[in-house]
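J.: Quick one: this structure, given as structure tokens, is what I'll be asking you about.
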Amino acid sequence: MLAIAWGICLSLDSDPRLAFVRWSDFHEGTNEVPDALELASKSIVWKTGSLSLICSSPDQIRLAMKAQLPGPRESIREGVGDKATIFIGDIRRKLETFLQITDMGLIDTLISPPLSRVDLSSLASAFEEAQSGKVSVMTMETGTFMAARTTGTAIHAFSKKCFASNLD
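Residue 1 is where the sequence shown starts when you use full-length UniProt numbering, and the numbers rise one by one after that.
Okay, here's the thing in structure tokens:
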């Protein structure tokens, strides 16, 4: 019975090694980023993707996405970047930025340049206003869909905390 259940889990959600991925680790060069707020994630049996805000210094907040980019892997390599559009709920609420691949493997890591305070405010408003809990990230001629895991209020609080901690 256990073997049948394991087989069903594998058929629902690709690679079983995803169950062991450390989702909270984000790296920017060689420095670990100390604080993150998960905006959205994708999971069926275990997590397969995550979109977060990360507090990097000095006085910067970036988007970080961990997911395995679908499609042909030969055109995707570390250091490559492209425009990205993040839809929150529907196409009326979006954030356009740039995402660069900083790490590749079972799970790819993509990081944005620092977000402006206007971008952060727009992002928080979009999460507050969205009727649907769906978040879509489109980049490098591919995309991934996730479920929202936070609110606009939490984004404002995270931004305030990050900027305050970097002013010391």
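Glycine included, each C-beta is placed from N, C-alpha and C at the ideal position.
With a cut-off of 8 Å, do at least 3 Cβ pairs link the region 135-144 to the region 112-125?
T.: no
J.: Whole-angstrom Cβ separation of Ala148 and Ala130, contact assumed at under 8 Å?
T.: 7 Å
J.: Over what stretch of residues does the beta strand (DSSP E) that includes Glu38 continue unbroken?
T.: Asp35 to Ser43
J.: Looking at the unbroken beta strand (DSSP E) that takes in Ala147, where does it start and where does it end?
T.: Thr142 to Ala148
J.: Evaluate the contact criterion for the region 95-110 versus the region 55-68: three or more CB pairs, one atom per stretch, below 8 Å.
T.: yes
J.: Would the region 87-97 count as touching the region 41-54 if we require 3 or more Cβ pairs under 8 Å?
T.: no
J.: Label Ala164 either buried or exposed according to how many other C-beta atoms from any shown protein chain fall within 10 Å of its C-beta, with 16 as the threshold for buried.
T.: exposed
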